Amino acid sequence: EAGVTQFPSHSVIEKGQTVTLRCDPISGHDNLYWYRRVMGKEIKFLLHFVKESKQDESGMPNNRFLAERTGGTYSTLKVQPAELEDSGVYFCASSQDIGDPDTGELFFGEGSRLTVL
Amino acid sequence: AQSVSQHNHHVILSEAASLELGCNYSYGGTVNLFWYVQYPGQHLQLLLKYFSGDPLVKGIKGFEAEFIKSKFSFNLRKPSVQWSDTAEYFCAVTLSGGYQKVTFGIGTKLQVIP
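So the sequence lines, in the order shown, correspond to chains A and B. To convert, count from 1 in the first sequence and add 99; that's the working numbering. To convert, count from 1 in the second sequence and add 152; that's the working numbering.
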């Protein structure tokens, strides 16, 4: 079974440019999460999709960030225009049902490292 | 808002030493608790989890954690660490029920010296 895949693994862009990160969750997982980790800080929640709907987007920093999950399959996270403080590792995770004792678990991708110069 | 505190940010141990990593959360409702691990060059993966029942839970690779509700704690332990345990460890919490976000702590880097 394929795991969570993220693309690109590393992106280097200049301030003001646009970057789009992609996440393919595990097939059949309705729940998809985006997290970001800035060096030395915690893994910070950005948003949570249930199928194609945004369940919780309370962690999105500002309106330069746009996440979509059309059709409830893969998701994209676009940063436009990118700023220096957007640098970090963006993790995607999927879950069948985080509230289920038997299946409650996040499956993570390897992350997309974004460097904004 | 729920939050997770990990007090040890960097721990260095010799092989065979015992390990205890502290984790406290700030939410007073019913929670589910997790420890995740990230080995060098690998993705985050689940080490163990607590939902209900026996507050002492056992995970993979000999790790265990104890949920103490009165202390809002979920400390991770291992009696004897190995060099292969070198990794970063994250405590996480979610509210009970479906469709909840998972909140992570800052992480603890463990370095085990052979």
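All residues carry an ideal CB built from backbone N, CA and C; glycine is no exception. Only a predicted model underlies this, so the values are computations on that prediction, with no experimental measurement involved.
Contact annotation: the segment 160–169 of chain A does not touch the segment 155–163 of chain B, with fewer than three C-beta pairs closer than 8 Å. From the beta-carbon of residue 212/B, no residue of chain A is found nearer than 7 Å; the closest lies around 12 Å away.
The beta carbon of residue 216/B sits closer than 8 Å to the beta carbons of 200, 208, 209, 210, 228, 229 and 230 from its chain, once the five residues preceding and following it are set aside; these are given in chain order. Residue 246/B has a beta carbon lying within less than 9 Å of a beta carbon in chain A. Remark: fewer than three beta-carbon pairs, one from each stretch, lie closer than 8 Å, so the segment 168–180 of chain B and the segment 152–161 of chain A are not flagged as touching. Beta-bridge partners assigned by DSSP to residue 122/A: 105/A and 174/A. Residue-level contact by beta carbon fails for residue 213/A and chain B, as no gap is shorter than 9 Å. For residue 221/B, not one C-beta of chain A is nearer than 9 Å to its own C-beta. Contact between the segment 195–207 of chain A and the segment 170–181 of chain A is not established, with fewer than three Cβ pairs separated by less than 8 Å. The continuous stretches of beta strand (DSSP E) do not include residue 212/B, and DSSP gives it neither H nor E.
When 9 Å is used as the limit between beta carbons, residue 201/B is near these residues of chain A: 200, 203 and 204, in chain order. Contact check for residue 177/B against residue 183/B passes: the beta carbons are separated by less than 9 Å. Under the DSSP assignment, residue 211/A falls in the beta strand (DSSP E) whose first and last residues are 211–215. Shown here, residue 146/A sits in a strand according to DSSP, grouped into three states.
The C-beta of residue 196/B comes closer than 9 Å to at least one C-beta of chain A. Neighbourhood of residue 184/B in chain A, by CB distance below 9 Å: 197, 198, 200 and 203, in chain order. For residue 204/B, the chain A residues whose Cβ falls inside 9 Å of its Cβ are 200, in order along the chain. In summary, residue 182/A is exposed, with fewer than 16 beta-carbon neighbours lying within 10 Å of its beta-carbon over all protein chains present.
Beta-bridge partners assigned by DSSP to residue 163/A: none are found.
In terms of Cβ geometry, residue 213/A and residue 118/A form a close pair [threshold 9 Å]. No Cβ of chain B is located within less than 9 Å of the beta carbon of residue 113/A. Linking residue 264/B to residue 242/B through their CA atoms gives a straight-line distance of about 17 Å.
Distances from the CA of residue 205/A to each of 133/A, 109/A and 113/A were compared; the closest alpha carbon is that of 133/A.
Between residue 185/B and residue 190/A, the C-beta gap is not smaller than 9 Å, which leaves the two residues out of contact.
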